[in-house]
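Have a look at the structure below, then the notes.
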Amino acid sequence: MARTTDEVIDRFNRAFRERDATLLEEIIAPDCVMESIQPAPDGTRYEGYDASFSSWKALIDDTTSHFEVEDVHTGDEWALIRWRYVWGPGDADSVRGVNVMRVVDGKIVEAAGYSKTAPTVAALES
């Protein structure tokens, strides 16, 4: 069954919200390429189904942290997911970021994560 981009991204987010990696099994393409946010500046590149699934599963299985989805925008093949990654109770115990994802034939083929962990830029200070 071919899923729309909206359905795939909804299922992807549900996997993290419900901590159920099995929801990812049918929506990752065999040749998926995923780039994580760490280490800076380029993150880690995961190629193929097994590598992508294992990376996402590790995040889902980590009960010391969680993702909060703030906003989702989907198109024909592309999706943007704005999120907050939380690892503690205080405001300083989280970071905001975005995933840029591409879905083809109901499967995630590309995913890149970016977060707001840059150094202070003097020109942007108020």
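Residue numbers (the UniProt record's numbering): 1 to 126.
Note that CB positions come from ideal geometry on N, CA and C, so glycine has one too.
Treat the numbers as computed from the prediction; the structure is a model and nothing was measured.
Listed in chain order, the alpha helix (DSSP H) runs fully inside the UniProt domain "SnoaL-like" (10 to 110) are 49 to 61, counting runs of at least 4 residues.
When Cβ pairs closer than 8 Å are counted between the two stretches, the region 39 to 59 is seen to touch the region 20 to 31, the count reaching three or more. Counting only the Cα atoms, Lys-57 lies some 23 Å from His-73. Contact between Val-69 and Trp-83 holds: CB atoms are separated by about 5 Å, below the 8 Å threshold. For Arg-14, same chain residues with a beta-carbon under 6 Å away, outside a window of 5 residues either side, are Leu-23 in chain order. Put simply, the backbone Cα of Val-98 is about 15 Å away from that of Phe-16. The criterion of a C-beta distance shorter than 9 Å is satisfied by Asp-31 and Tyr-49. In chain order, Arg-14 and Ile-60 place their CB closer than 8 Å to the CB of Asp-20, counting only its own chain and leaving out the 5 sequence neighbours on each side. Spatial neighbours of Ser-115 in its own chain (CB-CB distance under 6 Å, excluding positions within 5 residues in sequence) are listed in chain order as Ile-37, Val-95 and Gly-97.
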